[in-house]
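S.K.: Everything in the sequence shown is counted per the numbering used here, starting at 64 for the first residue and increasing by one. Submitted below is the structure of interest, expressed as structure tokens.
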Amino acid sequence: MAYAARKQSLTLVIRVVRGVFPYPMESSPDPQTLEKGDKMKGLVTVTVITLLCGTVAFSGTLEFHAGAGPSAAALGSINAGIDVVNIITGDLNTDPRFDGEVPMLPHMGSGLAYSAGERYWITGNLALGGEVSYFKSASSTSGSYSNGSSEVSNVAIDLQCQSVGVLIGGQFVFLDVGLRLAANLGVGYYYSGFNSSITFEMPSAYHPINIHLSSGDGHYNGSSLGIEGGVSLSFPLADWINVGAGLSYRSLTVQHLSDSDGTGFDFDGDGTTEVADFSGITVQFNIALDINLSL
């Protein structure tokens, strides 16, 4: 009886995985997109099979968890380009020949992070599982300059970046005295994107500038493996629900961002493709729901 139930459950797992990733595909994407998709699908497939098969094969506690909170990313080369833009607009803002002002373009990196996933508790102190994480940051400014004639120079810069990661890993509780203190570690594949909308017009009377921002809209993508680890503190409100907070560090660098034509993202126009460094610290407030699978 138990064997037949487990066999039926495993059949359901296979159907779920095939439903999530049907093959063959109806359309034929380009090789670069197909390669990225295969990596992402492979990691998600392993995660789904691990979690569902673990649930079928054992009896214990399955935990669903979700969290949100402030996060930071380095984005060093992109912020270096922002510094150059601010030097130029700052110079124009104080130049008596021109009327108007453009506020400083804030650095990118600060934003909100979200996560959701599940863990299976193998023992009272060790759990294995997977999660999906999301991070987003944005920066923008706009204004115009005029020199008393009919010439008007408009500046409008809108930048957005986001990263979605699928991770597998575990949690180990090393202190449980009502409050639970645990260490977390996960590794996964991150898909990152960068969107830009740029209008950067300079007054003709202004001296030549050393950057040439790409005007118009741009959409750039890249992917990379990453690692995330940290500590968390939780408190049980009841047998089936826990609340808490966590502090983690994400190590993630996307070496190349490119658009659909394969053109790299060069924000400041210096001829060098920007490197997107998403490494940084995240503070999240979490909630977890426990389901006891014991028969």
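Just so it is clear, CB atoms sit at the ideal spot from N, CA and C, and this is done for glycine as well.
When you compare the segment 132 to 143 with the segment 325 to 343, are there three or more beta-carbon pairs, one atom per stretch, that lie closer than 8 angstroms?
M.R.: yes
S.K.: CB-CB under 6 angstroms to V317, same chain, minus the five flanking residues each way: which ones, in chain order?
M.R.: The residue you call residue 317 lines up with position 254 of the sequence shown. Closer than 6 angstroms at the Cβ level, and outside the excluded window around V317, lie S255, G285, S287 and A339.
S.K.: Over what stretch of residues does the alpha helix (DSSP H) that includes Y211 continue unbroken?
M.R.: If you number the sequence shown from 1, residue 211 lands on position 148. It should be pointed out that residue 211 corresponds to Gly in this sequence rather than to Tyr. Careful: G211 lies outside any alpha helix (DSSP H) and carries neither H nor E.
S.K.: Do the CB positions of S216 and E264 come within less than 9 angstroms of each other?
M.R.: Along the sequence shown, read from residue 1 onward, the residue named residue 216 stands at position 153. Along the sequence shown, read from residue 1 onward, the residue named residue 264 stands at position 201. Contact: yes.
S.K.: Going by C-alpha distance, which of S209, V240, A351 and P169 is nearest V306?
M.R.: Here residue 306 is taken as the residue at index 243 of the sequence shown, counted from 1. Per the Cα distances, A351.
S.K.: At what residue ranges does the segment 284 to 325 contain a whole run of the beta strand (DSSP E), taking only runs of 3 or more?
M.R.: 304 to 314
S.K.: Between F348 and G130, which are expected to be in contact by the criterion C-beta below 8 angstroms, what is the C-beta distance as a whole number of angstroms?
M.R.: As a working note, residue 348 is residue 285 in the sequence shown. As a working note, residue 130 is residue 67 in the sequence shown. Right, their Cβ atoms sit about 6 angstroms apart.
S.K.: What's the gap between the Cα of G325 and the Cα of L300?
M.R.: Position 262 of the sequence shown, counted from the first residue, corresponds to residue 325. Position 237 of the sequence shown, counted from the first residue, corresponds to residue 300. For G325 and L300, the distance between alpha carbons rounds to 51 angstroms.
S.K.: Considering N156, what are the terminal residues of the alpha helix (DSSP H) in which it resides?
M.R.: As a first step, residue 156 must be located in the sequence shown, where it is residue number 93. Per DSSP, N156 belongs to the alpha helix (DSSP H) from G139 to T157.
S.K.: In the structure shown, what three-state DSSP assignment does Y183 receive?
M.R.: One-based indexing of the sequence shown puts residue 183 at position 120. Three-state DSSP puts Y183 in a strand.
S.K.: Look at the alpha carbon of T335 and the alpha carbon of L222, and state the distance between them as a whole number of angstroms.
M.R.: As a working note, residue 335 is residue 272 in the sequence shown. As a working note, residue 222 is residue 159 in the sequence shown. Their backbone Cα atoms lie some 18 angstroms apart in a straight line.
S.K.: Please classify E214 as buried or exposed, where buried requires at least 16 neighbouring CB atoms within 10 angstroms.
M.R.: Your numbering for residue 214 matches position 151 in the sequence shown. Exposed, by the Cβ-count rule.
S.K.: Check whether the segment 153 to 168 touches the segment 194 to 214, counting contact only when three or more Cβ pairs, one atom from each stretch, lie closer than 8 angstroms.
M.R.: Judged by Cβ distances under 8 angstroms, the segment 153 to 168 makes contact with the segment 194 to 214, as three or more pairs qualify.
S.K.: From S134 to S314, what does the alpha carbon distance come to, in whole angstroms?
M.R.: Against the sequence shown, residue 134 aligns to sequence position 71. Against the sequence shown, residue 314 aligns to sequence position 251. Answer to the nearest angstrom: the Cα atoms are 13 angstroms apart.
S.K.: What is the DSSP secondary structure of V165, counted as helix, strand or coil?
M.R.: The sequence position of residue 165 within the sequence shown is 102, counting from 1. Correct three-state label for V165: coil.
S.K.: Within the continuous beta strand (DSSP E) that includes E126, where are the two ends?
M.R.: Looking up residue 126 in the sequence shown gives position 63. From DSSP, the beta strand (DSSP E) with E126 extends over T124 to A135.
S.K.: Quick one: is Y312 buried, meaning 16 or more other Cβ sit within 10 Å of its Cβ, or exposed?
M.R.: For the purposes of this step, residue 312 is taken as the residue at position 249 of the sequence shown. Classification of Y312: exposed, given that the 10 Å Cβ count is below 16.
S.K.: On the three-state DSSP scale, how would you describe H270?
M.R.: Indexing the sequence shown from 1 puts residue 270 at position 207. Here H270 sits in coil by DSSP.
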